[in-house]
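Using the working numbering, the letters of the sequence shown map in sequence onto residues 6 to 271.
The beta carbon of each residue, even a glycine, is placed where N, CA and C say it ideally should be.
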Amino acid sequence: MLLAFGQNGWVLQRFVGGAWQTPIDSASGAVYDGIAAGRDVVSDVVNVSRPGALEFYVYDDAQDLYVPAEVDVDAGFDGELVSAYPYSDALSDHPVPQPRGPLLAVTRAVESGMYLVGWDGSPPERAFDLGLDARRIRCHDDGTGTGDVLCGVSVFGDDALAIVTWDGESLPTLAGLVDVGDGPVGLDLARLANGNIAVVTTGFNDDTVTETEVTPAGAEVSSQARPAATGCTQPGHAMYLRDAEGLKVMGTCWGSDAFFVEPSRF
Numbered sequence: 006m007l008l009a010f011g012q013n014g015w016v017l018q019r020f021v022g023g024a025w026q027t028p029i030d031s032a033s034g035a036v037y038d039g040i041a042a043g044r045d046v047v048s049d050v051v052n053v054s055r056p057g058a059l060e061f062y063v064y065d066d067a068q069d070l071y072v073p074a075e076v077d078v079d080a081g082f083d084g085e086l087v088s089a090y091p092y093s094d095a096l097s098d099h100p101v102p103q104p105r106g107p108l109l110a111v112t113r114a115v116e117s118g119m120y121l122v123g124w125d126g127s128p129p130e131r132a133f134d135l136g137l138d139a140r141r142i143r144c145h146d147d148g149t150g151t152g153d154v155l156c157g158v159s160v161f162g163d164d165a166l167a168i169v170t171w172d173g174e175s176l177p178t179l180a181g182l183v184d185v186g187d188g189p190v191g192l193d194l195a196r197l198a199n200g201n202i203a204v205v206t207t208g209f210n211d212d213t214v215t216e217t218e219v220t221p222a223g224a225e226v227s228s229q230a231r232p233a234a235t236g237c238t239q240p241g242h243a244m245y246l247r248d249a250e251g252l253k254v255m256g257t258c259w260g261s262d263a264f265f266v267e268p269s270r271f
């Protein structure tokens, strides 16, 4: 399926039997984030983050399509819910597929927060503070073979990248904060040949792109900012791509209605 989201809700379009189906839309307010569980493009669980709710769509074998999941997540967050990362796309037994396993959720506020969320109806557990106006979380397998992940959180108001380590079960740990461009929003992670993790962020307010290298344990190795591509103003989101030439950065340019693709510094 394809999932698009924004200030007016989301639009979901399924691909079934070799053909695109009629789009389904939800014009019920802002949607800040959407991500496939486990950071895998092939996933049985898709999470949508709204200011006051977490929504999930799960793949149902019986119907051969994604359906809304009925989940019991307490709404006890302090701040506006903006982003979440489900660790696993494992499902409970059919015929009523439901997500299993915890997830991390980020709220934005004067003192934004990182939360561990379960499915048993218990209140979300706040792990630590993140700073002013956090925006998005993304994670990547840390490559150690333990199942642990390394996560990055963009903290827009503090011009910072929060580095987080997590074992997928217990409370996550804040490994440190890295100074990045002015006003980071979207971010992405990629594993490097040396075993470390690259994190790319954008500076919405100063037209920059920052690439940071961290170890699997979350220690900063280096961080370099550069001007955004020529003609790109107010870059909002960035992600890593790989082609025959190597690692590249693709980003959106909110202020100039464009996008860019350029080589990574790695």
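- Task: Locate the beta strand (DSSP E) running through Y92, then write down its first and last residues.
- Result: Translated into the one-based positions of the sequence shown, residue 92 becomes position 87. It is not in any beta strand (DSSP E) - Y92 carries neither H nor E in the DSSP assignment.
- Give the single residue among A234, L194, V204 and A222 whose Cα lies nearest to the Cα of D212. Here residue 212 refers to the residue found at position 207 when the sequence shown is read from its first residue. The shortest Cα separation from D212 among A234, L194, V204 and A222 belongs to A234.
- Can you tell which of A263, Y90, R113 and R143 has the C-alpha that lies nearest to the C-alpha of V122? Translated into positions along the sequence shown, residue 122 becomes position 117. Among A263, Y90, R113 and R143, the Cα nearest to that of V122 is on Y90.
- Item | 3-residue-minimum beta strand (DSSP E) runs that sit fully inside the stretch 34-90, ordered along the chain | 38-41, 50-55, 58-65 and 70-73
- Classification of L7 by the beta-carbon crowding that lies within 10 angstroms, buried from 16 upward: By 1-based counting over the sequence shown, the position of residue 7 is 2. With fewer than 16 other Cβ atoms within 10 Å, it is exposed.
- With distances taken Cα to Cα, identify the nearest neighbour of A132 among V36, D193, A180 and T207. Residue 132 sits at position 127 when you count from the first residue of the sequence shown. Answer by Cα proximity: A180.
- Less than 8 Å separating the beta-carbons of G188 and D153? For this step, residue 188 is matched to residue 183 along the sequence shown. For this step, residue 153 is matched to residue 148 along the sequence shown. No, the pair does not count as a contact, with Cβ atoms beyond the cut-off.
- Proximity below 8 Å, CB of S269 to CB of A203: Working through the sequence shown from its first residue, we reach residue 269 at position 264. Working through the sequence shown from its first residue, we reach residue 203 at position 198. Yes, these two residues count as a Cβ contact at 8 Å.
- Inter-residue CB distance, S117 and D134 (contact presumed, cutoff 8 Å): Within the sequence shown, the letter at position 112 stands for residue 117. Within the sequence shown, the letter at position 129 stands for residue 134. Right, the Cβ-Cβ distance comes to about 7 Å (below 8 Å), so this counts as a contact.
- Query: Got a sec? Which residues, its chain only, sit under 7 Å from R19 by beta carbon, not counting five neighbours each side?
  - Reply: Working through the sequence shown from its first residue, we reach residue 19 at position 14. Closer than 7 Å at Cβ, skipping near neighbours: M6, Q26, L70 and Y71.
- Item | Rounded separation between V51 and Y64 - CA only | As a working mapping, residue 51 is identified with position 46 in the sequence shown. As a working mapping, residue 64 is identified with position 59 in the sequence shown. Each residue's Cα considered, the two are about 9 Å apart.
- Task: Starting from S175, follow the beta strand (DSSP E) in both directions and report where the run begins and ends.
- Result: Here residue 175 refers to the residue found at position 170 when the sequence shown is read from its first residue. From DSSP, S175 is part of no beta strand (DSSP E); its letter is neither H nor E.
- Does any C-beta atom of chain B lie closer than 8 Å to the C-beta of G148? Absent from the structure: chain B. Only one protein chain is present.
- Item | Ordered list of beta strand (DSSP E) runs contained in the stretch 163-248, each at least 3 residues | 165-171, 178-184, 192-196, 202-208, 213-219, 225-232 and 240-248
- Query: Cα separation between G191 and G22?
  - Reply: Position 186 of the sequence shown, counting from 1, holds the residue named residue 191. Position 17 of the sequence shown, counting from 1, holds the residue named residue 22. The straight-line gap from Cα to Cα measures roughly 33 Å.
- Task: Going by CA-CA distance only, name the one from L86, E218 and A41 that's closest to V185.
- Result: Working through the sequence shown from its first residue, we reach residue 185 at position 180. Considering only alpha carbons, the answer is E218.
- Query: Hey, out of L137, R143 and W171, whose CA is closest to T149's CA?
  - Reply: Translated into positions along the sequence shown, residue 149 becomes position 144. Closest option to T149, Cα to Cα, is W171.
- Task: Take E286 as the anchor and find which of G157, A35, E60 and L176 has the nearest alpha-carbon.
- Result: There is no way to answer for residue 286, as the model of the chain reaches only from 6 to 271.
- Query: Can you name the start and end residues of the beta strand (DSSP E) that V16 belongs to?
  - Reply: Translated into positions along the sequence shown, residue 16 becomes position 11. Element bounds for V16: G14 to Q18.
- Can you grab the Cα-Cα spacing for the pair V183 / D66, in whole Å? Here residue 183 corresponds to residue number 178 of the sequence shown, with the count starting at 1. Here residue 66 corresponds to residue number 61 of the sequence shown, with the count starting at 1. About 43 Å.
- Query: What does M6 pair with, by DSSP beta-bridge criteria?
  - Reply: One-based indexing of the sequence shown puts residue 6 at position 1. Note: M6 sits in no beta bridge, so no partner.
- Exposed or buried, what is L246 when buried is set at 16 or more other beta-carbons lying within 10 Å of its beta-carbon? The residue you call residue 246 lines up with position 241 of the sequence shown. Looking at its Cβ environment, which holds fewer than 16 other Cβ atoms inside 10 Å, L246 is exposed.
- beta strand (DSSP E) segment containing G157, residue limits: Taking the sequence shown and counting its residues from 1, the one referred to as residue 157 is at position 152. Run containing G157: V154 to V160, per the beta strand (DSSP E) assignment.
- Cα-Cα separation between A195 and D30, rounded to whole angstroms: Taking the sequence shown and counting its residues from 1, one reaches residue 195 at position 190. Taking the sequence shown and counting its residues from 1, one reaches residue 30 at position 25. Computed Cα separation, rounded: 32 Å.
- Between V214 and P240, is the Cβ-Cβ spacing less than 8 Å? As a first step, residue 214 is located in the sequence shown; it is residue number 209 there, counting from the start. As a first step, residue 240 is located in the sequence shown; it is residue number 235 there, counting from the start. Contact flag set, yes.
- So, using beta-carbon positions, are G84 and R55 closer together than 8 Å? As a position in the sequence shown, residue 84 is number 79, starting the count at 1. As a position in the sequence shown, residue 55 is number 50, starting the count at 1. Their beta carbons are not under 8 Å apart, which means G84 does not touch R55 by this criterion.
- Item | Three-state secondary structure (DSSP) of G22 | On the sequence shown, residue 22 is found 17 positions in, with the first residue counted as 1. Three-state DSSP puts G22 in coil, outside helix and strand.
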